[in-house]
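Novice: My questions all concern the structure below.
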């Protein structure tokens with residue numbers, strides 16, 4: 449999964465942007481429920497705590513944005529979520545956007561990122577092909593035709609000007625469906641470009657107001673580097 | 449903190465309800481940021497996984513409801529959040545409610561529970577006294593007068609019919625400010641009553657649709673009982 | 449109709465709750481339009497004025513909640529509406545709820561209770577079976593299969609996690625459709641439990657702010673006890 | 449009260465419009481709470497049932513619109529509410545409107561007409577002068593200066609382009625505050641013009657869909673003419 | 449097109465209202481996109497600047513209301529848009545309204561007038577017949593049956609109580625579909641009546657707050673009369 | 449004005465981005481009302497029609513985004529508005545953003561871009577210093593202190609995490625107020641980065657659905673190149 453996404457990200461990155469792909473060392477092969485996302489949110493924080501000295505910005509490479517607001521609060525550098533970046537980008541490409549993904553299991557979690565962003569009035573529909581797939585790694589090839597059908601339906605029946613192809617296994621697919629009747633947004637590409645944009649516009653990221661770093665807090669039983677960071681953080 | 453809340457809960461519980469207070473064995477003394485809530489959400493899931501055989505319903509005893517939707521998805525029994533329960537109860541006691549709490553640090557996290565519930569149109573205001581406190585355990589006594597001042601301002605300036613006293617350290621305080629110019633809601637009491645209500649109305653809790661238990665998922669590096677539960681869950 | 453609802457209510461009531469069923473002595477056999485609800489709202493106020501000395505809380509036993517806010521304003525005890533109680537309860541059992549009822553005539557009125565509650569963002573759909581029925585008393589048995597079909601469609605096509613079976617003649621039906629693909633909420637049961645909750649959390653009900661008792665007002669030509677109550681009320 | 453409003457209405461009516469002022473024969477001298485409005489709603493229906501043969505359209509001459517939707521449902525002629533008409537008119541005179549009225553008691557009820565109309569996003573503020581008045585009949589003269597102060601504050605502090613002077617006792621006042629820093633809307637005038645507009649555009653009023661006349665319904669203990677009308681109505 | 453609309457307007461105007469039809473001398477034969485509407489907005493301002501001395505109020509006779517807010521800001525007389533007038537009128541004739549028009553091209557532009565009015569919560573649907581037409585002038589006769597089909601579907605499938613027949617070429621059609629299962633609103637008629645209403649209620653139109661005339665501004669290269677008006681306007 | 453903005457844009461542009469600044473040859477020295485924006489929208493379309501062969505993307509360099517949706521519809525390349533870009537960027541830097549600008553005249557127009565974007569739920573406040581300025585070119589230096597005061601008030605009183613400094617004359621100011629208690633967003637920088645992002649993610653811009661190029665339309669009396677483009681465009 450990491451390599452599918454890295455390839456898509458590399459294609460989008462500016463020449464002077466260096467990508468450091470990081471795979472979670474614990475958790476799940478991929479996330480497909482709110483419960484997994486809840487747990488992954490903590491793992492995201494651990495991964496940022498481990499790599500913060502090496503990077504200028506962070507892309508949370510799971511559509512649905514586990515730990516996004518917590519990360520923005522805890523760390524003072526740009527943190528980008530793929531769902532949020534894709535939706536905001538879609539807003540510049542049409543009046544209404546749809547989300548097409550590959551499994552019904554993902555929909556409730558994905559839908560929450562819409563509510564959090566306050567963008568419900570811009571959503572045309574969320575669509576999932578009825579087809580089954582065998583391997584999450586090969587979803588792009590297994591479901592290409594049914595996904596294309598849903599993109600078309602989003603445009604023609606639901607009024608979407610733009611379609612986001614959501615879910616890490618679909619990374620890069622947008623570039624291969626170029627004759628679709630909607631503008632397609634690849635969330636990995638959108639997230640990379642938004643990270644580059646934030647590094648320029650607001651290099652410290654979200655550091656103020658409700659996003660300022662919380663006061664130091666003693667803690668126990670959590671990941672060592674993350675725990676240390678929280679124990680010393682503060683404003 | 450656990451004993452303050454247990455006392456408030458005991459006062460509200462029906463004669464035939466048995467309360468089993470459980471304190472987190474890892475994490476933070478109390479939660480006061482989105483980041484801590486993110487981490488606490490996982491710990492909540494672990495605690496439910498550890499106790500699910502013993503209980504008919506769960507109250508997540510942290511105003512802000514860490515892990516609430518994930519828990520509803522993962523476990524098939526009523527799961528109640530204090531913030532959600534307090535807000536829904538407030539809706540039956542007036543047109544507009546305010547939230548009064550004891551620290552600005554809590555507000556961003558508390559505000560998110562409002563958005564998730566879709567109840568923004570019912571909120572009059574969120575208020576925090578400007579006063580400092582020394583010990584989070586003694587907030588009730590240290591800040592009683594400034595909190596009362598904010599309750600009064602919520603009613604008289606912001607148009608609140610109801611005021612929720614949010615935050616675990618304020619558990620039970622509502623009962624002691626009986627001459628306030630607004631109906632006061634104690635979130636612990638509200639949560640206990642809603643748990644009792646759900647056990648009657650929907651004893652399996654939220655088990656269907658977007659809340660149905662996710663398919664089994666292999667995992668690694670997470671709490672043993674929780675990981676086992678996730679590995680075998682499924683529909 | 450009263451006895452169908454009393455049976456459902458009795459099944460939900462706590463051991464120490466005493467139910468006093470009261471049937472309107474004027475008005476309509478049942479309410480199925482906004483106009484009838486408008487008239488019934490006044491009758492609800494008359495009935496509360498007649499029985500206020502005997503009760504700790506009131507359940508307005510007509511889905512649609514005639515007179516609910518007026519009653520909360522005029523009387524200082526918990527007043528619960530079946531529609532509001534069912535919807536708030538549904539919010540704890542899923543992300544989105546649907547309403548299934550037995551007649552199109554009821555929908556406009558029922559829909560207004562959603563707007564008043566500010567919960568439009570939580571509604572998945574309102575569904576009514578196309579089938580006709582002969583007797584409003586026997587709707588449960590006459591329409592059981594078509595109602596089940598709508599519940600299923602609400603879950604599978606509209607994305608409802610929870611379905612409220614609305615309308616007095618459907619009282620108790622939820623308990624008999626236990627294999628439905630959505631959590632079912634029986635409004636009578638929900639209302640009884642919410643009344644019990646409010647008696648504990650806020651025994652004076654909605655008495656403050658916009659819900660405080662209006663100033664005394666002279667009046668003529670209205671029900672004697674209600675008129676007297678209004679003539680002497682005041683703050 | 450009737451004559452204050454009749455005068456304002458006469459000033460607004462087209463040459464070929466004939467006004468038939470009708471005063472309620474039971475109820476309250478004026479309405480100032482949700483409970484009184486609930487009761488008045490039924491009285492409005494009775495009054496329309498009594499006069500329906502004589503008129504082409506109805507104006508419910510109480511700001512707050514008691515019985516408005518019920519009347520539209522039950523009778524097939526244009527029915528106009530003063531609050532609704534004033535708010536819709538205000539929408540053509542600016543981006544944001546405020547409501548200025550003479551008593552805090554009225555605000556909760558008036559606010560509901562905003563929610564029903566779905567126009568909350570257009571409201572700048574609701575303002576009431578802190579001053580007391582002795583006689584509801586003389587509010588215009590007693591409170592003219594404090595009302596003007598609130599109109600000014602609505603415009604200058606709250607961003608209102610338009611101010612509605614709400615409440616029957618303020619009928620006609622708009623015409624006397626011509627130098628106000630906001631466009632003033634007189635609800636009686638607005639309602640008369642909207643009634644004339646509807647008689648032209650849709651002379652049968654709201655007669656279709658959710659507003660079509662409900663099926664005939666047997667009834668007892670209600671006003672004779674209204675009861676008869678309901679007993680024979682139907683589609 | 450002007451004569452179709454003038455005929456509809458004449459039918460709606462009061463005996464003492466004089467209509468002055470004005471056709472744009474530059475631009476497009478009719479408007480069917482946002483881009484054309486953007487350009488038409490300027491032309492509307494030019495036309496008002498040319499005729500302001502002759503009129504008491506302006507109706508912008510293109511459904512979609514090009515230049516509406518700009519005109520209200522720049523000129524101190526009532527300015528009415530057909531889309532806005534039709535939607536506000538529809539709000540008095542039912543709970544939910546639909547818009548039926550004759551070309552998909554128009555929908556994005558028409559939809560924006562809904563957002564601007566803040567009335568999205570009142571919309572049931574927007575419908576366009578799938579049928580093609582040969583001449584925009586003869587749309588009424590060419591598409592009468594398919595338009596009627598959409599009106600019926602709006603009422604029966606989408607829950608519309610009211611249907612607006614939007615688009616200048618449909619002017620007057622409402623009066624010829626009298627047996628439709630929804631109240632029909634003719635936007636030209638609605639606009640004429642609202643102009644008459646505003647001339648009575650607020651003869652200076654929208655002149656205050658955010659609608660007050662902007663300060664004088666030097667300009668070049670725009671229509672002579674409009675440029676002069678802007679150069680001398682100011683507050 | 450063009451040079452102030454070009455300087456800010458140059459600072460934000462990627463090394464391989466070439467900026468082509470274009471100043472309107474007709475219209476107004478700067479835009480400060482809805483009416484001026486309406487006219488400027490047409491001029492924006494003319495300018496794009498004149499330069500479309502030379503560019504990969506367009507930034508409409510007037511906060512308020514005159515002609516934005518029309519341009520997206522008419523031309524198939526990325527078109528970015530400064531207000532929209534700034535607001536979407538702000539959404540990644542906090543929960544709530546404020547807008548601080550230099551003149552009350554601008555606020556109504558700026559507020560509309562918020563409504564169009566559907567982001568009202570993310571706005572904390574719009575603030576303008578009470579101070580006067582002499583020259584619009586020197587606003588940055590003349591009003592630096594009062595603007596800083598408003599930024600601080602937005603953060604501390606209104607709850608803004610992020611503040612957008614809106615209005616062309618403020619271009620680049622964000623970089624000079626680095627100790628502000630909110631993340632500052634410079635709209636010119638945000639727009640340049642979003643243009644670069646869109647060129648990568650969706651190089652054809654908004655070309656589908658409601659944004660697809662309208663059918664060819666004959667026209668007269670408009671700018672020659674724009675008129676030609678419209679006469680030949682179509683799908």
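Protein chains in written order, with the working numbering: chain X, 449 to 683; chain B, 449 to 683; chain E, 449 to 683; chain F, 449 to 683; chain D, 449 to 683; chain L, 449 to 683.
No residue lacks a Cβ here, since even glycine has one placed at the ideal position from N, Cα and C.
Here the structure is a predicted model, which means the values were calculated and not measured.
(1) To which residues does DSSP link residue 475 of chain D through a beta bridge?
(2) Between the segment 630 to 647 of chain X and chain L, which residues of the former have a C-beta closer than 8 angstroms to a C-beta of the latter?
(3) Using a Cβ-Cβ cut-off of less than 9 angstroms, give me the residues of the segment 607 to 619 of chain B that come near chain X, in sequence order.
(4) Check each candidate in B/558, B/556, B/552, B/564 and name the one with the smallest Cα separation from residue 556 of chain X.
(5) Please list the partners that residue 473 of chain F has in chain E, where partner means a Cβ-to-Cβ separation under 8 angstroms.
(6) Alpha carbons only, please: which of F/635, F/653, F/654 is nearest the one belonging to residue 645 of chain D?
(7) Tell whether a beta-carbon distance below 8 angstroms holds between residue 661 of chain B and residue 494 of chain B.
(8) Can you pull the chain L residues whose beta carbon is under 9 angstroms from the beta carbon of residue 532 of chain X, in chain order?
(9) Looking at the structure shown, is residue 613 of chain X part of a helix, part of a strand, or coil, going by DSSP?
(10) Taking residue 566 of chain E as the query, report the chain C residues whose CB atoms sit under 7 angstroms from its CB, ordered along the chain.
(11) Given a cut-off of 8 angstroms on the beta-carbon distance, is the pair residue 600 of chain X and residue 576 of chain X in contact?
(12) Would you mind stating whether residue 475 of chain D and residue 483 of chain D have Cβ atoms separated by less than 8 angstroms?
(13) As a quick exercise: from D/532, D/615, D/503, pick the residue whose alpha carbon is nearest that of residue 517 of chain D.
(14) Pick from B/586, B/580, B/541: whose alpha carbon is nearest that of residue 643 of chain E?
(15) Report the rounded CA-to-CA distance for residue 633 of chain B versus residue 560 of chain E, giving the unit in angstroms.
(16) Closer than 8 angstroms, CB to CB, is residue 518 of chain E near chain F or not?
(17) To the nearest angstrom, how far is it from the Cα of residue 513 of chain X to the Cα of residue 593 of chain B?
(18) Can you find at least 3 beta carbon pairs, one from the segment 615 to 632 of chain B and one from the segment 645 to 657 of chain E, that sit closer than 8 angstroms?
(19) Beta carbon of residue 485 of chain X, beta carbon of residue 614 of chain X: below 8 angstroms?
(20) Counting only the same chain and skipping the five closest in sequence on each side, list residues whose C-beta sits under 7 angstroms from that of residue 547 of chain E.
(21) Show which residues of chain B have a CB atom less than 8 angstroms away from the CB atom of residue 658 of chain E.
(22) Counting only Cβ-Cβ distances shorter than 7 angstroms, please list the residues of the segment 477 to 510 of chain X near chain B, keeping chain order.
(23) Under 7 angstroms Cβ-Cβ, which residues of chain B neighbour residue 556 of chain X?
(24) For residue 527 of chain E, does the three-state DSSP call read helix, strand or coil?
(25) So which of D/536, D/596, D/504, D/523 has the shortest CA-CA distance to residue 579 of chain D?
(26) One question on the structure: do residue 505 of chain E and residue 525 of chain E come within less than 8 angstroms of each other, judged by their Cβ atoms?
(27) Give me the Cβ distance between residue 605 of chain B and residue 570 of chain B, rounded to the nearest whole Å; I'm assuming they're in contact under 8 angstroms.
(28) Do residue 449 of chain E and residue 585 of chain E have their CB atoms nearer than 8 angstroms?
(29) Taking only three categories from DSSP, how would you classify residue 571 of chain X?
(30) When DSSP builds the beta bridges, which residues end up paired with residue 546 of chain F?
(31) Between residue 457 of chain F and chain D, is any beta-carbon pair separated by less than 8 angstroms?
(32) What in chain X is Cβ-close to residue 515 of chain B, meaning under 7 angstroms?
(33) Can you tell me the Cβ-Cβ gap for residue 497 of chain E and residue 677 of chain E, rounded? I've got them flagged as a contact below 8 angstroms.
(34) Helix or strand or just coil, what does DSSP make of residue 468 of chain B?
(35) Which residues in chain X have a C-beta closer than 7 angstroms to the C-beta of residue 601 of chain L? List them in chain order.
(36) Put residue 632 of chain F into one of helix, strand or coil per three-state DSSP.
Specialist: According to the structure data:
(1) Per DSSP, L/668.
(2) Cβ proximity to chain L below 8 angstroms picks out 630, 631, 632, 633, 634, 637, 638, 641, 642, 644, 645, 646 from the segment 630 to 647 of chain X.
(3) Those would be none; no residue qualifies.
(4) Closest option to residue 556 of chain X, Cα to Cα, is B/564.
(5) Neighbours of residue 473 of chain F on chain E, chain order: 669.
(6) With distances taken between Cα atoms, residue 645 of chain D lies closest to F/635.
(7) No, the pair does not count as a contact, with Cβ atoms beyond the cut-off.
(8) For residue 532 of chain X, the chain L residues whose Cβ falls inside 9 angstroms of its Cβ are 539, 540, in order along the chain.
(9) Note: residue 613 of chain X maps to strand in three-state DSSP.
(10) You won't find chain C in this structure, because its protein chains are X, B, E, F, D and L.
(11) No, these two residues do not count as a Cβ contact at 8 angstroms.
(12) Contact flag unset, no.
(13) Comparing Cα positions, the closest option is D/532.
(14) Minimum Cα distance to residue 643 of chain E is reached at B/541.
(15) If you take the alpha carbons of residue 633 of chain B and residue 560 of chain E, they lie about 26 angstroms apart.
(16) Answer yes: the Cβ-Cβ gap between residue 518 of chain E and chain F drops below 8 angstroms somewhere.
(17) If I take the Cα positions, the gap works out to 41 angstroms.
(18) Yes: at least three Cβ pairs fall under 8 angstroms.
(19) It is not a contact, given that the beta carbons lie outside the stated cut-off.
(20) Shown here for residue 547 of chain E: same chain residues with a beta carbon closer than 7 angstroms to its own, the five before and five after excluded, namely 558, 574, 612, 614 in chain order.
(21) For residue 658 of chain E, the chain B residues whose C-beta falls within less than 8 angstroms of its own C-beta are 542, 543, 544, 607, 609, listed in chain order.
(22) When C-beta distances to chain B are compared with 7 angstroms, the residues of the segment 477 to 510 of chain X below that value are 477, 480, 481, 482, 483, 484, 486, 487, 489, 490, 493, in chain order.
(23) Taking a Cβ-Cβ cut-off of 7 angstroms, the neighbours of residue 556 of chain X in chain B comprise 658, given in sequence order.
(24) Of the three classes helix, strand and coil, the one that applies to residue 527 of chain E here is strand, per DSSP.
(25) Checking every option, the nearest Cα to that of residue 579 of chain D belongs to D/596.
(26) In this structure, residue 525 of chain E lies closer than 8 angstroms to residue 505 of chain E by Cβ.
(27) Incorrect: roughly 17 angstroms between the Cβ atoms, too far for contact.
(28) The answer is yes: Cβ separation under 8 angstroms.
(29) Reduced to three states, the DSSP call for residue 571 of chain X is strand.
(30) Per DSSP, F/573, F/611.
(31) No, residue 457 of chain F lies away from the interface with chain D (no Cβ there is under 8 angstroms from its Cβ).
(32) Going along chain X in sequence order, the residues near residue 515 of chain B (Cβ under 7 angstroms) are 486.
(33) Indeed they touch by this definition, with Cβ atoms about 5 angstroms apart.
(34) Coil, per DSSP.
(35) Scanning chain X for C-beta atoms nearer than 7 angstroms to the C-beta of residue 601 of chain L yields nothing, as the closest lies near 13 angstroms away.
(36) Three-state result, residue 632 of chain F: strand.
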